[in-house]
Amino acid sequence: MEYISTNRVARKMSARLLLNNLSKFIFLLATFFGIFVLGVLIYRVVSQGIGWLNVDFLTGRLSTQADRAGIMGAILGTFWLMMVVVPVTMFLGIGTAIYLELYAKKGRLQSFIQTNISNLAGVPSIVYGILGLTVFVRTLDFGNIVLAGGLTMSLLILPIVIVVSQEALRSVPQHLSEASYGMGATKWQTIQKVILPVALPGILTGAILSLSRAIGETAPLVVIGIPALLLPFPGSILDKFTVLPMQIYYWTLDSSLMAEYANLAAATIIVLLVALLILNSTAIIIRNKFQKRY
Amino acid sequence: MPVNSDLTKNKAVNIRDLIQQNKEKKSNREKFEKSIPALLFLIASVSILTTIGIVSTLLMETVEFFKRVPIVDFFTGTVLKPLSQTPSFGVLPLIMGTVTSSLIAMAVAAPIGLMTAIYLSEYASEKVRKTVKPLLEVLAGVPTIVYGFFAFTFVTPLLKTFIPTLEATNILSPGIVMGVMIIPMIASLSEDAMSSVPNSMREGALGLGATKLEVTGRVVIPAALSGIIASFVLGISRAIGETMIVTIASGSTKNFTFDITQSMQTMTAYIVEVTGGDAPAGSTIYYSLYAVAMTLFLFTLLMNIMARKISRKFREEY
Numbered sequence: 001m002e003y004i005s006t007n008r009v010a011r012k013m014s015a016r017l018l019l020n021n022l023s024k025f026i027f028l029l030a031t032f033f034g035i036f037v038l039g040v041l042i043y044r045v046v047s048q049g050i051g052w053l054n055v056d057f058l059t060g061r062l063s064t065q066a067d068r069a070g071i072m073g074a075i076l077g078t079f080w081l082m083m084v085v086v087p088v089t090m091f092l093g094i095g096t097a098i099y100l101e102l103y104a105k106k107g108r109l110q111s112f113i114q115t116n117i118s119n120l121a122g123v124p125s126i127v128y129g130i131l132g133l134t135v136f137v138r139t140l141d142f143g144n145i146v147l148a149g150g151l152t153m154s155l156l157i158l159p160i161v162i163v164v165s166q167e168a169l170r171s172v173p174q175h176l177s178e179a180s181y182g183m184g185a186t187k188w189q190t191i192q193k194v195i196l197p198v199a200l201p202g203i204l205t206g207a208i209l210s211l212s213r214a215i216g217e218t219a220p221l222v223v224i225g226i227p228a229l230l231l232p233f234p235g236s237i238l239d240k241f242t243v244l245p246m247q248i249y250y251w252t253l254d255s256s257l258m259a260e261y262a263n264l265a266a267a268t269i270i271v272l273l274v275a276l277l278i279l280n281s282t283a284i285i286i287r288n289k290f291q292k293r294y
Numbered sequence: 295m296p297v298n299s300d301l302t303k304n305k306a307v308n309i310r311d312l313i314q315q316n317k318e319k320k321s322n323r324e325k326f327e328k329s330i331p332a333l334l335f336l337i338a339s340v341s342i343l344t345t346i347g348i349v350s351t352l353l354m355e356t357v358e359f360f361k362r363v364p365i366v367d368f369f370t371g372t373v374l375k376p377l378s379q380t381p382s383f384g385v386l387p388l389i390m391g392t393v394t395s396s397l398i399a400m401a402v403a404a405p406i407g408l409m410t411a412i413y414l415s416e417y418a419s420e421k422v423r424k425t426v427k428p429l430l431e432v433l434a435g436v437p438t439i440v441y442g443f444f445a446f447t448f449v450t451p452l453l454k455t456f457i458p459t460l461e462a463t464n465i466l467s468p469g470i471v472m473g474v475m476i477i478p479m480i481a482s483l484s485e486d487a488m489s490s491v492p493n494s495m496r497e498g499a500l501g502l503g504a505t506k507l508e509v510t511g512r513v514v515i516p517a518a519l520s521g522i523i524a525s526f527v528l529g530i531s532r533a534i535g536e537t538m539i540v541t542i543a544s545g546s547t548k549n550f551t552f553d554i555t556q557s558m559q560t561m562t563a564y565i566v567e568v569t570g571g572d573a574p575a576g577s578t579i580y581y582s583l584y585a586v587a588m589t590l591f592l593f594t595l596l597m598n599i600m601a602r603k604i605s606r607k608f609r610e611e612y
């Protein structure tokens, strides 16, 4: 008497295996869907914008005439914006991280600040825009200048900078600071001379990545109010300004009026993406080159 | 010898001075060391001040808004006409637009993101994973304004060839593109959750004769469920707060409808429209901005807290 019907087992098994292989193929397709869309997006933008990308476009002033428009103002605006965002976020971000990781006692206050930071990281960027509009532009009466936009952007990326700095500080091995204390160094001396230099590559990598978020971010600046056609170049952080994403926004909106504006937007997107690519590769190079293993 | 004794005497004085100096230096050093925690606390409090700033600005102006428009009318009104002669401020059309676009986004992002996570965590070789993950990070790093441009100038015309009735601005196209934007986030968070399921559990199931698909469906996903659901909730929260894609590609028609081929305005797009239109400070439209922003803020805050609770509470420890 046969206890196991090998026939039935084989039939059932082959169905299960077929399903297994089929689903593996579907999962693979899903994985490549996102990458496929990325490819289409980049191909679209480059094929549409590359013809408009030339020296005149990069160095020229804005114009309502598509063939005379340039984005130097937006490039300078992005530069000045970063001149505010970089020092402010580095100072506040690293300071907060040092406090939370090395000074704060584990307790209510520390966990309150920590929860607060993770909640802030989830606040939509446009809400930061409203904060900036109300506090910096209106109450402090800065107007829509680089400083107001930069401070708003700084608050937006601050939670990310804090979190990555904390991770970098946490990954510094304990025995390094213990050796420093053993030599008679004080806490601050240890932080300044031992912990920070070791953690710096990690902090920098994270900070650069969050900067690239600030460069591409548009919503808070739309809320603060950036003029659509700003002719003078910004020369300091107290000037009115526009940035690359804002120019993409206005040109995309107006592309239904004039088709060439879509090409200008595409060309500006190429510039923006190249800038982001350079920033992100720098971050990766720093991470790979300077991160020592202990 | 007199010279020698003079030297010792000098030396003694010098040492006494040095000790004195050293003491002063040390007490200065101590003062400095003690002041550092206070200074750093001040810096750390900026993040608390930011929260206070957000909540208080939103709250103050929202209260002012509800003095002019009854709170019940705001949350139950289906008509939003801020600029008409007889203005009407119902937030439901905006909530409708926000919820619809987020649901479309999740319909794209949840299955594809989850399948990507399954592939990367359960099937892919180390080599494939190392090439695919950075590419997904690039996808996540594309600025939203670029996605907006893509939705408006490429996806909408493309969809129009399949759906001829599609309007030039509609909620479907930005919804889909937003979904693509969220895929990497869901994939990476879900993959983290699935990778943390111990291998012994997989091996147990494989040893009983289960196929890889059965292991994934019956063992890994149930074990990682809290993390997966948390990633979905975070994805929804991201979609709700997304601004540029919907502003560009879905237009500013305040429709209260279920028709996804039409233009619908989201809460975020309304904020952009009102601030871009230079609403005079003190007008009801100006205050409505804060009421909508407050609603948006509470929506996303709730989602984020929920995501944290889910991943903490239902986490199974192994």
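Line order of the protein sequences matches chains R and B. Number 263 in the numbering used here belongs to position 263 of the first sequence; there are no gaps in the numbering. Number 307 in the numbering used here belongs to position 13 of the second sequence; there are no gaps in the numbering. Glycine residues also receive a C-beta, built at the ideal position from the N, C-alpha and C atoms.
Rounded to whole angstroms, the gap between the alpha carbons of R/Q110 and R/A66 is 54 Å.
Residues of the same chain with a CB within less than 8 Å of the CB of R/S210, apart from the 5 flanking positions on each side, are T89, I157, I160, V161 and V164 in chain order. Taking 9 Å as the CB threshold, B/L460 stays off the interface with chain R.
Excluding residues up to 5 positions away in sequence, L453, K454 and T555 lie with their Cβ nearer than 6 Å to the Cβ of B/L460 in the same chain. With a 10 Å radius around the Cβ and a threshold of 16 neighbouring Cβ atoms, B/R532 comes out buried. Closer than 9 Å to the CB of R/S47 there is not a single CB belonging to chain B.
Proximity of B/Y581 to chain R, defined by a Cβ-Cβ separation below 9 Å, is not satisfied. Of all residues in the segment 322–333 of chain B, only R323, E324, F326, E327, I330, P331 and L333 place a beta-carbon less than 9 Å from a beta-carbon of chain R. For B/T351, the chain R residues whose Cβ falls inside 8 Å of its Cβ are I130, L131, T134 and V135, in order along the chain. Contact with chain B is found for R/N280, since one of that chain's Cβ atoms lies less than 9 Å from the residue's Cβ. Distance between B/P381 and B/S544, taken at the CA atoms: about 23 Å. For B/A338, the closest Cβ of chain R is nearer than 9 Å. Contact of B/G384 with chain R is not assigned, every C-beta pair being separated by 9 Å or more.
Cβ-Cβ distances below 6 Å link R/F290 to P201 in the same chain, with the five nearest sequence neighbours on each side left out; the list follows chain order. Under DSSP, R/K240 shares a beta bridge with R/I145. Those residues of the segment 112–123 of chain R placed with their C-beta closer than 7 Å to a C-beta in chain B are I113, N116, I117, N119, L120, G122 and V123, ordered along the chain. Annotated as proximal: R/I237 and R/L147, with beta-carbon spacing under 9 Å.
Just measuring C-alpha positions, the residue of B/L336, B/F369, B/I412 and B/E420 sitting nearest B/D486 is B/I412.
Beta-bridge partners assigned by DSSP to B/K375: B/S382. Taking 9 Å as the threshold, the shortest C-beta distance from B/P468 to chain R does not fall below it.
With a threshold of 16 other beta carbon atoms within 10 Å, R/Y181 falls short and is exposed.
Spatial neighbours of R/I203 in its own chain (CB-CB distance under 6 Å, excluding positions within 5 residues in sequence) are listed in chain order as S165 and A168.
Minimum Cα-Cα distance from B/T351 among the listed residues B/A585, B/M597, B/P516 and B/N322 corresponds to B/A585.
Scanning chain R for C-beta atoms nearer than 7 Å to the C-beta of B/I348 yields V123, V127 and L131, reported in chain order. For the C-beta of B/I477, the chain R residues within less than 7 Å are, from N- to C-terminus, G34. Contact between the segment 426–440 of chain B and the segment 23–42 of chain R is present: three or more C-beta pairs spanning the two stretches fall below 8 Å. No Cβ of chain R is located within less than 9 Å of the beta carbon of B/V491. B/K506 counts as buried, since no fewer than 16 other beta carbons sit within 10 angstroms of its beta carbon.
DSSP places B/S415 outside any alpha helix (DSSP H), giving it a letter other than H or E. Within 7 Å of the CB of R/S23, the CB atoms of chain B belong to L507, in sequence order along the chain.
If you check the CB distance, B/T578 and B/T562 do not come in under 9 Å.
Neighbours of B/F444 in chain R, taken as residues at a C-beta separation under 8 Å, are given in chain order as L41, R44 and V45.
Proximity of chain R to B/G501 at the Cβ level (cut-off 8 Å) is not reached, the minimal Cβ distance being about 16 Å. Distance from the CA of B/Q314 to the CA of B/R323, rounded to the nearest whole angstrom, comes to 14 Å. A contact is defined here as three or more CB-CB pairs under 8 Å, and the segment 435–449 of chain B fails this definition with respect to the segment 520–531 of chain B. Within a 10 Å sphere around the beta-carbon of B/E420 sit fewer than 16 other beta-carbons, which makes this residue exposed.
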